[in-house]
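This report concerns only the one structure given below.
Numbering (the numbering used here), first residue to last: 164 to 353.
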């Protein structure tokens with residue numbers, strides 16, 4: 164408490180037990196409970212239909228028997244050919260000790276450009292994700308000269324409705340491998 168009607172709430176949670184989605188779930192639950200308490204209403208949060216342990220048990224069952232070998236073989240096939248480390252040109256040498264110092268650069272696209280992008284996506288039946296991934300891959304190709312590129316994509320892994328209001332670590336990272344053709348058009352690349 165910092166004043167008569169002023170409080171600060173601080174919570175530290177390890178990433179092993181929550182993901183970005185969980186943060187929003189928790190904030191929504193806290194706001195709901197705060198407002199519920201202020202109104203002295205009789206309806207608290209609805210009980211969750213399943214718990215994280217139920218998901219973990221289900222996921223473990225999905226990897227039993229031949230399923231694990233089938234998934235394992237899929238990823239071994241995807242990375243059967245050796246890949247090289249991405250080498251990007253730097254404007255200064257990398258420090259020996261990583262300092263994790265960075266910055267954020269924000270910008271907004273004007274309405275005409277945004278409208279043009281939407282039209283392009285609709286005309287070619289591409290998703291926004293496909294466009295952004297294509298732009299990243301082409302940029303990495305232009306900067307590195309390497310055509311075999313892998314980009315890791317975090318995936319929320321909450322495809323079932325019962326997982327939407329859960330707090331837990333559900334994220335998987337999917338490696339997306341692309342072999343770019345220097346003679347292909349951008350549309351062909353997408």
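C-beta atoms are modelled at their ideal positions from N, C-alpha and C, and glycine is treated no differently.
- The beta carbons of residue 314 and residue 280 sit about 20 Å from each other, so the pair does not count as a contact at 8 Å.
- Residue 269 is classed as exposed because its beta carbon has fewer than 16 other beta carbons within 10 Å across all chains shown.
- Assignment of alpha helix (DSSP H) within the segment 277 to 348, counting only whole runs of 4 or more residues, yields 291 to 307 in chain order.
- Here DSSP, grouped into helix, strand and coil, assigns residue 243 to coil.
- CA-to-CA, the gap between residue 276 and residue 282 works out to about 10 Å.
- Shown here, residue 183 sits in a helix according to DSSP, grouped into three states.
- Closest in C-alpha terms to residue 210, from the list 221, 192 and 198, comes 192.
- The criterion of a C-beta distance shorter than 7 Å is not satisfied by residue 181 and residue 316.
- Put simply, the backbone Cα of residue 168 is about 20 Å away from that of residue 190.
- Taking all protein chains in view, the Cβ of residue 195 is surrounded by fewer than 16 other Cβ atoms within 10 Å, so the residue is classified as exposed.
- Residue 318 and residue 263 have their C-alpha atoms some 24 Å from each other.
- Distance from the CA of residue 294 to the CA of residue 350, rounded to the nearest whole angstrom, comes to 9 Å.
- Counting along the chain, the unbroken alpha helix (DSSP H) around residue 222 starts and ends at 215 to 225.
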